[in-house]
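Q: Quick mapping for you: the protein sequence lines, in order, are chains A and B. The opening position of the first sequence corresponds to residue 1 in this note's numbering, with each subsequent residue numbered one higher. The opening position of the second sequence corresponds to residue 1001 in this note's numbering, with each subsequent residue numbered one higher.
There are 2 protein chains.
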Amino acid sequence: MQAQASATPSSPRRYHEVETWDMEVDVAIVGFGGAGACAAIEAADAGAHVLILEVASASGGSTELSSAEVYLGGGGGTRVQQACGYEDSTENMFNYLMAAGGDLSDEAKVRSYCEGSREHFDWLVAMGAPYKDTEYKERAIMAPTDDCLLYTGSEKCWPFKDRADPCPRGHNLEVEGDNGGPLFMKILTERVVERGIQVEYNARALTLVVDEDGEVRGLVARIDGEERNIRAHQGVVLCAGGFVMNQEMVKQYCPRLTAGSVPIGNPGDTGAGILMGQSVGGALINMNEAFITLPFYPPSSLTYGIFVNAQAQRFINEDSYHSRIAYHAIRQTGKGIYLIVSADDYEHPTFLNAEIVGTGETIEELAEEVGLDAGMLRHTVDFYSEQAAHGGDPLFHKSEQWLKPIKPPYAALDCTPGSGVIYAYFTLGGLDTRPTGEVLTMDKSVIPGLYAAGRTTCGVPRNADGYASGMSVGDATYFGRLAGRAVAARLHRTQVVDES
Amino acid sequence: MQAQASATPSSPRRYHEVETWDMEVDVAIVGFGGAGACAAIEAADAGAHVLILEVASASGGSTELSSAEVYLGGGGGTRVQQACGYEDSTENMFNYLMAAGGDLSDEAKVRSYCEGSREHFDWLVAMGAPYKDTEYKERAIMAPTDDCLLYTGSEKCWPFKDRADPCPRGHNLEVEGDNGGPLFMKILTERVVERGIQVEYNARALTLVVDEDGEVRGLVARIDGEERNIRAHQGVVLCAGGFVMNQEMVKQYCPRLTAGSVPIGNPGDTGAGILMGQSVGGALINMNEAFITLPFYPPSSLTYGIFVNAQAQRFINEDSYHSRIAYHAIRQTGKGIYLIVSADDYEHPTFLNAEIVGTGETIEELAEEVGLDAGMLRHTVDFYSEQAAHGGDPLFHKSEQWLKPIKPPYAALDCTPGSGVIYAYFTLGGLDTRPTGEVLTMDKSVIPGLYAAGRTTCGVPRNADGYASGMSVGDATYFGRLAGRAVAARLHRTQVVDES
């Protein structure tokens, strides 16, 4: 018990203090979600003896809880894109993702991801992931059918459409309903198992083992209640998820998220991988950014409405991806976010628990019920409606497809952050890594022997403003593979018992 | 040269690798600005043998470049507050600072700062800092006279005025014009010198020395071109400023600041102290937050104007402190921030280089020149003016004092971020510390032997939204003192040459 108490993620163990090695492997991978599975498969395929440590009693991670869409394209288009008539170029995809990440973008990662994207799709297919050559054309968060391709971001919306030609890149597995995650992880788990990769379940990584030169040489884990020292001759790969389930860390690093109500993740997303990486000098970046969403569509008809803030002013083009709207909603001054919609267009949201807090034949009635300034709301609705009638939105450039005057009777849906309405979120900050997964210090030098992928790192998705469904699982699986290949290609340390 | 190359902030030196100690002290302090000076004085007064390492050829740091206002109050009021008729309470000051920091607040630090604030004022007076018992009553960034007390934040503005009773807490030194910084540092430097505290100038701290138990035992510095190993028997205090002069770090951690044009700081604000702390496990928090300001007043008459964004909508109460306006301005959607003002109220800003980009007898003329939607701008100006005529601002609750209708002829001042107009900034993220200056790991355990204060840490000021002039120097000097006392009270390590 005493040894366990000292083995915390923030206190790495010194290599020469380890008296006995309980296990010896080439590559130790922490976490058996999408990133860990892909890292393991690639490392094993390159000939490494791989061990996966998974804190839960089964594989899955947060990938299994997701719809497992992957955001892929470029290179003339994936098989599905081509079949659906989209000839996506790498440059066009690059331009979109750079616009999506904005100032926060990691150009090297975006470049690698776009250049490798088509091959990654083919690899997933080779692993056994089924994708139909069909498109789902509604505005949706994920395809409720077994169709594959759909727009999952803000590609068709201002300001992104001015930066890159719109192209759908969300790839949905061939499965009915929101059941992609379990299928996806079942397939990857089978590939891991058939390779004979060693997996320890109920195994909690406690801390890294680092030598005098700052090289990561293994880790300490608690397996079946026993503390074990595991030497990894080629390196450790941290694929342990983000920190959304660590409320202390969320409060510390992205307190604005506390306006949200639904963390998305599995109980293992405690930030332990992030802490372990930081403890040996790994830089943490983008720690204040997160995916956060207000899933107000479907039904898509609500997109005809307008969002207003506490000043009864619009603040966004409502055809944007739902997380872009949430990103801006939680940053508005004053308390109150409402979706104002014509009763004709109203259908109760499929996912959102928002309540109607006002209705009225006139804006004045509506404003009084909601508690907004009537004069201001009157202007906002009239100005929007008048412009929409002419097919324009001079303020936020909402696409013509979603423009039409808002007519009485009116309804107002309460989407105020912190009011209990669903704002679902997960973290996007983590270890700074090269595209290869090598973990970097703050002065951008590599920590030898340490790799990371998935939400333990700061990857391609950088914020909710530019997020598209499929970016996180796409990033986790793609860079998981790169990390697996990189660690397996690393020089194998001589297996002497005592080098000190 | 080889040894120097290896001594980077991100690679701490191991204690047992140090062959000879070139210097031995009780307490080593990195940086001779406001925080370092105060830490040194307190540590020396507690009996410690103190060494200050300053990278420049003289003391001063960024405190010298500031106006050296200090934000103090509470406890019934400082001597000056009382003389001016303000009976400030600790709880009222606490409520204001907690509102100012919002979700980001460190309650323990705010509590300590408010409780110790009055005593800190008396200590500064005892050190020789002169403060007149007078108030400067204009809306200003700092007192241009030698008057002492003034409102330097958003105390009188919504939403802060609803959280705490307004009270002025900016204390300006008895010196004409913006010359507080040099006087303040001259006084503190004299106090350091007369105590016989050892100071090495042109001394660059390179990296920390840490032992097997993770305890900081000293540091490596380059003094007069020679690398020196300095053993600090009680601890090291990092008072090396923020990272505003490290453009790579600014781009990485707070890229939105790149919309700004004027970094505030001395060339030594490279983040070296932050990097050194992180390299031994110190947690970095709030790294994305900064002070950023649009110094549009004086003249205060411009406060009668309204700020609008690219949608020609207001976004803030214009009587807010200038950095609160900048904070919101750089977060608006679309490109364009303009101050619309009646020509009658127009005077050219004292500090701001903003240009008039539009004038007109009608809003339509003005809108065309500026490039805003005329209908929207018409509504914004009319709605504001109509409400202002009745003494109200239902949208942003601007104080009645600053409300009056905007009348033709109109003028528009271009305040668009990134257009070259002055947005001055410095960083507010850094090491997570206890009020005592003890540096914390990510799991909130103390790193033995390591202390920090000033902008190397994340202190009381957390963001530009809630900033008030005097918060940074107030925080740096107050918590510098606490760190000096804490390190001097620490157990003295036995001075054996080789403990390994």
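Cβ coordinates follow ideal geometry from the N, Cα and C atoms, glycine included.
Only counting the same chain, and skipping five residues up and downstream in sequence, which positions put a Cβ closer than 6 Å to that of A/T8?
A: Nothing listed; no residue qualifies.
Q: Find out if the Cβ-Cβ distance for the pair A/R217, A/G449 is shorter than 8 Å.
A: Yes, the pair counts as a contact, with Cβ atoms nearer than the cut-off.
Q: For B/V1381, which three-state DSSP category applies?
A: It is helical.
Q: Less than 7 Å between the CB of A/E200 and some heavy atom of the ligand NAD, yes or no?
A: What this structure holds is no ligand at all, so the ligand NAD is not there to describe.
Q: Would you mind listing the alpha helix (DSSP H) stretches within the stretch 355 to 442 of chain A that are 4+ residues and don't spill past its ends, in chain order?
A: Qualifying alpha helix (DSSP H) stretches, in chain order: 363 to 370 and 374 to 389.
Q: So which residues on chain B does A/Q311 lean against when the C-beta distance must stay under 9 Å?
A: Neighbours of A/Q311 on chain B, chain order: Q1313, R1314, F1315, P1394, L1395 and F1396.
Q: I think A/A453 touches A/A483, with their Cβ atoms under 8 Å apart; what is that distance to the nearest whole Å?
A: With 8 Å as the limit, A/A453 and A/A483 qualify as a contact, their Cβ atoms being about 4 Å apart.
Q: Can you give me the C-alpha to C-alpha distance between A/G73 and A/R111, rounded to a whole angstrom?
A: Going by the C-alpha atoms only, they are around 12 Å apart.
Q: Hey, does A/T416 have any beta-carbon neighbour from chain B nearer than 8 Å?
A: No, A/T416 does not count as interfacial toward chain B.
Q: May I ask you to report which of helix, strand or coil DSSP gives B/H1492?
A: Three-state DSSP puts B/H1492 in coil, outside helix and strand.
Q: What does A/N95 reach in chain B if we use C-beta pairs closer than 7 Å?
A: Under the 7 Å cutoff, chain B gives no residues; its nearest Cβ is about 18 Å from A/N95.
Q: So if DSSP puts A/M23 in a beta bridge, which residue, or which two residues, is it bridged to?
A: For A/M23, which the question treats as bridged, DSSP gives the partners A/I230.
Q: Taking only beta carbons into account, state which residues of the stretch 1429 to 1462 of chain B come closer than 9 Å to chain A, listed in chain order.
A: Within the stretch 1429 to 1462 of chain B, the residues whose Cβ lies closer than 9 Å to some Cβ of chain A are D1432, T1441, M1442, D1443, K1444 and S1445, listed in chain order.
Q: Can you name, in chain order, every residue of its own chain whose Cβ lies under 7 Å from the Cβ of B/I1337, other than the five neighbours on each side?
A: Result list for B/I1337: F1307, N1309, A1329, C1415, T1416 and P1417, in chain order.
Q: Just how far apart, CA to CA, sit A/V192 and A/F121?
A: Their backbone Cα atoms lie some 18 Å apart in a straight line.
Q: Determine the DSSP secondary structure at A/A221, reduced to helix, strand or coil.
A: If DSSP states are grouped into helix, strand and coil, A/A221 belongs with the strands.
Q: For chain B, is any of its Cβ atoms less than 8 Å away from the one on A/S419?
A: Closer than 8 Å: no.
Q: Can you tell me the Cα-Cα spacing of B/Y970 and B/D1393, whole angstroms?
A: Chain B is shown from 1001 up to 1500; residue 970 of chain B falls before or after that span and cannot be answered.
Q: Does any CB atom of chain A fall closer than 8 Å to the CB of B/S1062?
A: No, no contact with chain A.
Q: Would you verify that the beta carbon of A/F307 is, or is not, closer than 8 Å to some beta carbon of chain B?
A: A/F307 does not count as touching chain B.
Q: In the DSSP assignment, what residue or residues form a beta bridge with B/V1055?
A: DSSP lists no partner for B/V1055.
Q: What are the complete beta strand (DSSP E) segments, minimum 3 residues, inside the stretch 1232 to 1307 of chain B?
A: Within the stretch 1232 to 1307 of chain B, the complete beta strand (DSSP E) runs of at least 3 residues are 1290 to 1293.
Q: Please name the residues in the stretch 1253 to 1267 of chain B whose beta-carbon is closer than 8 Å to at least one beta-carbon of chain A, in chain order.
A: Going along the stretch 1253 to 1267 of chain B in chain order, one finds Y1253, P1255, R1256 and T1258 with a Cβ nearer than 8 Å to chain A.
Q: Excluding sequence positions up to five away, which residues of its chain have a Cβ less than 6 Å from the Cβ of B/P1168?
A: Cβ within range, chain order: L1149, L1150 and Y1151.
Q: How about the stretch 19 to 38 of chain A and the stretch 47 to 66 of chain A: do they share at least three Cβ pairs that are nearer than 8 Å?
A: Touching, yes.
Q: Any beta-carbon of chain A closer than 8 Å to the one on B/F1383?
A: Answer yes: the Cβ-Cβ gap between B/F1383 and chain A drops below 8 Å somewhere.
Q: Three or more C-beta pairs closer than 8 Å, one from the stretch 439 to 448 of chain A and one from the stretch 282 to 293 of chain A: is that the case here?
A: The stretch 439 to 448 of chain A is in contact with the stretch 282 to 293 of chain A.
Q: Does the beta-carbon distance from A/F243 to A/P461 come in below 8 Å?
A: No.
Q: Quick one: give me the first and last residue of the beta strand (DSSP E) that B/P1182 is part of.
A: Run containing B/P1182: none in the beta strand (DSSP E); it sits in the alpha helix (DSSP H), G1180 to E1194.
Q: Consider the Cβ of B/N1288: report whether some Cβ of chain A lies at a distance smaller than 8 Å.
A: With 8 Å as the cut-off, B/N1288 counts as an interface residue toward chain A.
Q: Counting only C-beta atoms, is A/E212 closer than 8 Å to chain B at any point?
A: Yes, A/E212 lies at the interface with chain B (some Cβ there is under 8 Å from its Cβ).
Q: With a cut-off of 8 Å on the beta carbons, I'd call B/Y1086 and B/G1077 a contact; round off their distance for me.
A: Indeed they touch by this definition, with Cβ atoms about 5 Å apart.
Q: Against chain A, with Cβ distances strictly below 8 Å, would B/I1285 count as a contact?
A: At least one chain A Cβ lies under 8 Å of B/I1285.
Q: Which class does B/H1348 belong to by DSSP, given the choice of helix, strand or coil?
A: In this structure, B/H1348 counts as coil in the three-state DSSP scheme.
Q: Identify each residue in the stretch 315 to 332 of chain A for which the Cβ-Cβ distance to at least one residue of chain B is less than 8 Å, and report them in chain order.
A: Listed by position along the chain: F315, I316, H328 and R331.
Q: In angstroms with no decimal places, state the Cα-to-Cα distance between A/H390 and A/D382.
A: Their Cα atoms are separated by approximately 13 Å.
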